[in-house]
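Protein chains in written order, with this note's numbering: chain A, 3 to 299; chain B, -3 to 329.
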């Protein structure tokens, strides 16, 4: 009896040992795969930074160096002195457009979301349904007419044209409305009984309760201004109003194809830096917004 | 004395409020309040969303429409000539081909890779957070700026000799692995090489969003299914095919649909890598897309642009419907 038990135990041990080996091999393969992919994902960033620190001669070497021989910040100085790029001006323009459009957009979004979530009026659901339906239409379809409209308004090459057409985002209204709906209606009714005005209630109760979402919207909106390319390129492509992404692309469009890549990489690194800072400090909020939207920037 | 005045004041305000609310009731203020709150949004939507919808359809149906001609008082025939012109125009077929090719290549590759990475990330504990952060990094980037980095990685720097001064880091890796270097995107490069460059970049760019969604899905899957499979001694491949994929099917459907929509609107990533020429030097617009076609017609050929935009909308709509239909049949729950 006891012998059988021992044999059984031995068999079991063998099986578990085999399983353990398979498990370890699988783990090793998993890690190798993940680290390889992570390396591929991160490599362009690495290449951007070290290329920006190389001299042009070193960059042109037939056998590339994976780390610059000596760190050379001259490319960055050259970027700031570049007459085609005017980085400081681009930065200020983008910051201005980003801030103004974020603030105005937040006000409009909060008011609309409040109306859709809390107020009773005829046509509310029909209007909301219509707004959601417009989300399906590709933005390029609107751009053709909006170009004519802003032209007729005389807004070409102003900051207005970069801000006003994109103030209303149906998606943000939808996001915030869902958030507002989660706040119990009893709070609103109690506030009404106490004689609180709607706006005060909105300011004191609803906005604080949905702050994380508002922060997500703010970040995505700012990133949108930073990354927008097509519309600014179409309607405000002058030195006084050019935004940063457009400025970066136009400054380094060279027909011969042999641009000074280290300087170009320095400019790209400088444009990417604020995004990295946002990523490092505010990742949580972006991921939250992203996982619900599927939109970029 | 002071007390009395406070009392009068309070009473006054009380009366005032009562009158105000009576007045509000009389004009049915509550009914209008919603519309007042919505008014800024509605005004902007009417101008920048509703009017464009009507106007695009109108312009697309007026043959040979341009704003210039309309301002000068030209009259246009009503018809579908714009659509015919768009389809007959040889450049448009190039755009359509590039758009479809890039979408069909990048959506399956990026979805599969993202699924694999998400499953692997979900199965490990050590370094899990750090790796997640790295995989999310490409999301928070500027597609034009990083496109320029990819261009630098694939581009050769031509010198005086037969062999370029530098063949670019990607070719360096290829040579280290024993292959010949390839002209990926310099002047005289071939179409397939350009498409490979774009596919690599678009997939790289698309991964973080897909990983985020799929990993979120995996983390919400009930662990009981896996425990049951473990008890039955099911193989890993079978667990992946029979449990993971079916349970994740709603998320997979979501990333595939958004991937298709994004793919058909591909534009700025190509501008990032190849510049506004949308092609290698000497072969401009060989990588043009539908959106590129529309953008270049804006302000010049509005009738054609509108027709092309409506065609794009129709394609996206049909593809989304097909995707939804298929995923409804295949989706587990």
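For glycine and all other residues, C-beta sits at the position ideal for the given N, C-alpha and C.
This one's a predicted model, so the numbers in the text were calculated from it and none came from an experiment.
**Q.** Beta-carbon contacts of residue 285(A) that lie in its chain and below 7 Å, excluding the five residues immediately before and after
**A.** Within the first chain, residue 285(A) is the residue found at index 283, counting from 1. Correct list: empty, nothing qualifies.
Q: Compute the Euclidean distance between the alpha carbons of residue 270(A) and residue 133(B), then round it to the nearest angstrom.
A: For the purposes of this step, residue 270(A) is taken as the residue at position 268 of the first chain. For the purposes of this step, residue 133(B) is taken as the residue at position 137 of the second chain. The C-alpha of residue 133(B) is placed about 16 Å away from the C-alpha of residue 270(A).
Q) Name the DSSP bridge partner or partners of residue 153(B)? A) Reading the second chain from its first residue, position 157 is the one you call residue 153(B). For residue 153(B), the pairing in a beta bridge is given by DSSP as 162(B).
Q. To which residues does DSSP link residue 74(B) through a beta bridge?
A. Residue 74(B) sits at position 78 when you count from the first residue of the second chain. According to the DSSP secondary-structure assignment, residue 74(B) is paired through a beta bridge with 58(B).
Q) Beta-carbon of residue 281(B) versus every beta-carbon of chain A: anything under 7 Å? A) Taking the second chain and counting its residues from 1, the one referred to as residue 281(B) is at position 285. Chain A contact via Cβ: absent.
(Q) Counting only Cβ pairs nearer than 7 Å, list the residues of chain B close to residue 277(A). (A) In the first chain, residue 277(A) corresponds to position 275, counting from 1. Here the neighbours are 136, 137 and 138.
**Q.** Distance between residue 299(B) and residue 171(B) (C-alpha atoms, nearest Å)
**A.** Indexing the second chain from 1 puts residue 171(B) at position 175. Indexing the second chain from 1 puts residue 299(B) at position 303. Rounded to the nearest whole angstrom, the C-alpha separation of residue 171(B) and residue 299(B) is 50 Å.
Q: Can you grab the Cα-Cα spacing for the pair residue 312(B) / residue 260(B), in whole Å?
A: Within the second chain, numbered from 1, the residue matching residue 312(B) stands at position 316. Within the second chain, numbered from 1, the residue matching residue 260(B) stands at position 264. Taking the straight line from one Cα to the other gives about 7 Å.
Q) How do the segment 220 to 230 of chain A and the segment 199 to 206 of chain A stand: do at least 3 beta-carbon pairs fall below 8 Å, yes or no? A) Cβ pair count under 8 Å is below three, so no.
(Q) What does the alpha-carbon distance come out to for the pair residue -3(B) and residue 195(A)? (A) The count along the second chain starts at 1 and reaches residue -3(B) at position 1. The count along the first chain starts at 1 and reaches residue 195(A) at position 193. The pLDDT assigned to residue -3(B) is 48, lower than 50, so where the model puts this residue is not dependable; a value taken from the coordinates is nonetheless given after this. Answer to the nearest angstrom: the Cα atoms are 31 Å apart.
**Q.** Coarse secondary structure for residue 171(B), derived from DSSP in three states
**A.** Position 175 of the second chain, counted from the first residue, corresponds to residue 171(B). The answer is helix: DSSP assigns residue 171(B) an H, G or I state.
Q: Spell out a yes or no on whether the segment 247 to 267 of chain B and the segment 106 to 116 of chain A are touching, meaning 3 or more CB-CB pairs, one atom from each, closer than 8 Å.
A: As far as the Cβ criterion goes, the segment 247 to 267 of chain B does not touch the segment 106 to 116 of chain A, which means the pair count is below three.
Q. Is DSSP giving residue 66(A) helix, strand or coil here?
A. As a working mapping, residue 66(A) is identified with position 64 in the first chain. Taken through DSSP and simplified to helix, strand or coil, residue 66(A) comes out as coil.
Q. Can you name the residues of chain A whose CB is closer than 9 Å to the CB of residue 308(B)?
A. Translated into positions along the second chain, residue 308(B) becomes position 312. The answer, in chain order, is 140, 142 and 143.
Q: Would you mind telling me which residues of chain A sit closer than 7 Å to residue 31(B), beta carbon to beta carbon, in chain order?
A: Numbered from 1 along the second chain, position 35 holds the residue referred to as residue 31(B). Neighbourhood of residue 31(B) in chain A, by CB distance below 7 Å: 123, in chain order.
Q | Option in 57(A), 39(A), 145(A) and 188(A) with minimal Cα separation from residue 207(A) | A | Here residue 207(A) is taken as the residue at index 205 of the first chain, counted from 1. Put simply, of 57(A), 39(A), 145(A) and 188(A) the residue whose alpha carbon is nearest the alpha carbon of residue 207(A) is 188(A).
Q: Return the residue from the list 71(B), 302(B) and 41(B) that minimises the CA-CA distance to residue 286(B).
A: Taking the second chain and counting its residues from 1, the one referred to as residue 286(B) is at position 290. Nearest option by C-alpha distance: 302(B).
**Q.** Proximal residues, the segment 55 to 71 of chain A versus chain B, C-beta separation under 8 Å
**A.** Against chain B - using a Cβ distance shorter than 8 Å - the residues of the segment 55 to 71 of chain A are 61, 62, 63, 64, 65 and 66.
Q. Got a sec? Which residues, its chain only, sit under 6 Å from residue 159(A) by beta carbon, not counting five neighbours each side?
A. Walking along the first chain from the start, residue 159(A) turns up at place 157. Excluding positions up to five away in sequence, the list reads 238, 240 and 243.
Q. Hey, quick one: how far does the alpha helix (DSSP H) through residue 200(B) stretch, first residue to last?
A. The sequence position of residue 200(B) within the second chain is 204, counting from 1. Per DSSP, residue 200(B) belongs to the alpha helix (DSSP H) from 187 to 215.
Q. Taking the alpha carbon of residue 141(A) as the point to measure from, which residue in 168(A), 219(A) and 41(A) has its own alpha carbon closest?
A. Along the first chain, one-based indexing puts residue 141(A) at 139. The shortest Cα separation from residue 141(A) among 168(A), 219(A) and 41(A) belongs to 168(A).
**Q.** C-alpha distance - residue 315(B) paired with residue 252(B), whole-angstrom precision
**A.** Position 319 of the second chain, counting from 1, holds the residue named residue 315(B). Position 256 of the second chain, counting from 1, holds the residue named residue 252(B). About 11 Å.
Q. Using the beta-carbon of each residue, which ones in chain B are nearer than 8 Å to residue 40(A)?
A. Along the first chain, one-based indexing puts residue 40(A) at 38. Here the neighbours are 127, 130 and 131.
Q: Sort 320(B), 319(B) and 305(B) by Cα distance to residue 139(A) and report the nearest one.
A: Here residue 139(A) refers to the residue found at position 137 when the first chain is read from its first residue. With distances taken between Cα atoms, residue 139(A) lies closest to 305(B).
Q) Do the segment 30 to 40 of chain B and the segment 113 to 133 of chain A meet, that is, are 3 or more Cβ pairs less than 8 Å apart? A) Yes, they touch.
**Q.** Beta carbon proximity, residue 207(A) to chain B, threshold 7 Å
**A.** In the first chain, counting from the first residue as 1, residue 207(A) sits at position 205. With a threshold of 7 Å between beta carbons, residue 207(A) makes no contact with chain B.
Q. Does any heavy atom of the ligand NAP sit closer than 6 Å to the C-beta of residue 155(B)?
A. This structure simply doesn't include the ligand NAP, nor any ligand for that matter.
Q: Assign residue 118(B) to one of three DSSP states: helix, strand, or coil.
A: Here residue 118(B) corresponds to residue number 122 of the second chain, with the count starting at 1. Residue 118(B): helix per DSSP, three-state reduction.
(Q) Could you compute how far the alpha carbon of residue 63(A) sits from the alpha carbon of residue 168(B)? (A) In the first chain, residue 63(A) corresponds to position 61, counting from 1. In the second chain, residue 168(B) corresponds to position 172, counting from 1. Per the coordinates, the alpha-carbon of residue 63(A) lies some 11 Å from the alpha-carbon of residue 168(B).
**Q.** Cα-Cα separation between residue 306(A) and residue 27(B), rounded to whole angstroms
**A.** Limits of chain A in this structure are 3 at one end and 299 at the other, which puts residue 306(A) out of reach.
Q. Are residue 270(B) and residue 197(B) touching if we call contact CB-CB under 7 Å?
A. Sequence index remark: in the second chain, residue 270(B) carries index 274 (1-based). Sequence index remark: in the second chain, residue 197(B) carries index 201 (1-based). Annotated as distal: residue 270(B) and residue 197(B), with beta-carbon spacing of 7 Å or more.
Q.
Against residue 228(A), what residues of chain B qualify as contacts under a CB-to-CB distance less than 9 Å, listed in chain order?
A. Stepping through the first chain from its first residue, residue 228(A) is reached at position 226. Those within 9 Å of residue 228(A) in chain B are 138.
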